[in-house]
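Asks:
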Amino acid sequence: MSSLIAATRFSVLDRSRTREGGTNAQALQDTVQLARELEQLGYHRFWVSEHHGVPGVAGSAPTVLAAAVASATDTIRVGTGGVMLPNHQPLVVAEQFGVLESLFPGRIDMGLGRSVGFTDGVRKALGRGKDDADDFAVQLQELLGWFRGTSPTGVRARPAEGLTVPPFVLAMGEGAGIAARAGLPMVIGDLRNRDRMQRGIEHYRSHFRPSPWAAEPYVVISGTVAVAATPDEARRLLIPEAWSMAYSRTHGTFPPLPPADRVEGLTMTTKERGFYESGLTGHIAGTEEQVAHELETVLKETGAQEILVTTSTYDREALLDSYRRLARVAGSGTAPSA
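Okay, structure coming up:
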């Protein structure tokens, strides 16, 4: 194990992906169980996501799910990756995280994104439009102000005011600049587009302004990492998500994860095959030795302090085995990360 990998925090974002033949309830229960298992493996933090009206994703209420995860675990940090701030009033978000931090002090993270609904119908149901993402920087400052007690309204956010819940900005597009100007840690992906990711990191570091939340830049890189006994087994972990993405690009809807065997037996159109093959490339996948080499390369390139793994697959046992192997690569064993 390299000293570079040993100095890096490893964390996980689970999207509560549904599986063919499974239910939304099972997907959410799987997320909570996975958090328990990853805590034992020594992962640093466990985050959940926000998606609305997506057939293949059960995680629609991240702060509610984070509460369930935190109550089922003891030491791992728990948070959101992220709450999509344009979908919510900043006061309500502050109150939700204030409650979480009050119930689970010192363990809660507040990952924040600027995306709005996945489709026109979802945006209409949320009462939001695409342009609402443009207000993210203003909303972010308002949200942080509720924790500092600086709102000009005279209203006090209870129990958030006075609490410190570490904020992170999910950097997509303009997100790197917003994170830098706000002086906040940044989460950037994905590992499949290294050049774009590197440009975002360089922009973030060069424009970073120290703040009460962070004295210096903090970079979390995110993406799929799959580890197995053989390269072929690691590739099979990627197949269900690759097909779901290809299906969504060609049919306009995001389906539950199918088993790899079924995908391999499908007859695909040329367009579907193109998206599918593209979805299998660019990830970090292979044996423990191969993954360790690739991780060291990307850490040298980016100087990131943390890796947020976002792997989704149909086979939950194979997924857990991948995380066990990655924990060995990271050297975390069964001890909690620093």
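Its first residue numbered 27, the sequence shown is counted upward by one per residue in my numbering.
Just so you know, even glycine gets a beta-carbon here, dropped at the ideal spot from N, CA and C.
1) Please name the residue or residues paired with phenylalanine 36 in a DSSP beta bridge.
2) So, are the CB atoms of leucine 365 and valine 213 less than 9 Å apart?
3) Note down, in chain order, each residue of its chain lying with its Cβ closer than 8 Å to the Cβ of alanine 330, except the 5 sequence neighbours on either side.
4) Cβ atoms of alanine 84 and threonine 145: under 9 Å apart, would you say?
5) Does the pairing of the stretch 92-102 with the stretch 111-120 give three or more beta-carbon distances under 8 Å?
6) What's the gap between the Cα of aspartate 221 and the Cα of threonine 337?
7) Helix, strand or coil for threonine 106, going by three-state DSSP, please let me know.
8) Got a sec? Which residues, its chain only, sit under 6 Å from threonine 328 by beta carbon, not counting five neighbours each side?
9) Counting only the same chain and skipping the five closest in sequence on each side, list residues whose C-beta sits under 6 Å from that of glutamine 224.
10) Could you spell out the range, first to last residue, of the beta strand (DSSP E) harbouring methionine 212?
11) Rounding to the nearest angstrom, what Cα-Cα distance links glutamine 55 and tyrosine 349 in this structure?
12) I'd like to know whether the C-beta atoms of glycine 124 and arginine 184 end up nearer to each other than 9 Å.
13) Report the option in Val251, Asn113, Leu64 and Asp161 whose CA atom is closest to the CA atom of valine 142.
14) Rounded to the nearest angstrom, how far is the Cβ of alanine 286 from that of isoleucine 265, given a contact under 8 Å?
15) If alanine 254 sits next to leucine 263, beta carbons under 8 Å apart, how far is it from one beta carbon to the other, in whole angstroms?
16) Tell me which residues share the same chain as glutamate 320 and place their Cβ nearer than 6 Å to its Cβ, disregarding the 5 neighbours each side in the sequence.
17) Starting from arginine 71 and walking both ways along the beta strand (DSSP E), at which residues does that stretch end?
Replies: In this structure, then:
1) Note: phenylalanine 36 sits in a beta bridge opposite Ile333.
2) Here the chain comprises residues numbered 27 to 364, so residue 365 is not present and cannot be evaluated.
3) Excluding the 5 residues flanking it on each side, alanine 330 has same chain C-beta neighbours closer than 8 Å at Thr34, Ile227, Val245, Val246, Ile247 and Val324, in chain order.
4) Not closer than 9 Å, so no.
5) They do not touch, by the three-pair rule.
6) Going from the Cα of aspartate 221 to the Cα of threonine 337 covers about 21 Å.
7) Three-state DSSP puts threonine 106 in a strand.
8) Around threonine 328: Ile227 and Ile247.
9) Counting only Cβ-Cβ distances below 6 Å, and skipping sequence neighbours, we find nothing.
10) 212-214 is the extent of the beta strand (DSSP E) around methionine 212.
11) So the alpha carbons of these two residues sit roughly 18 Å apart.
12) Contact flag set, yes.
13) Just measuring C-alpha positions, the residue of Val251, Asn113, Leu64 and Asp161 sitting nearest valine 142 is Asn113.
14) That pair is a contact at about 4 Å.
15) At roughly 7 Å, the Cβ-Cβ gap stays under 8 Å, so alanine 254 and leucine 263 are in contact.
16) Same-chain partners within the cutoff: Ile310.
17) Note, arginine 71: beta strand (DSSP E), 71-74.
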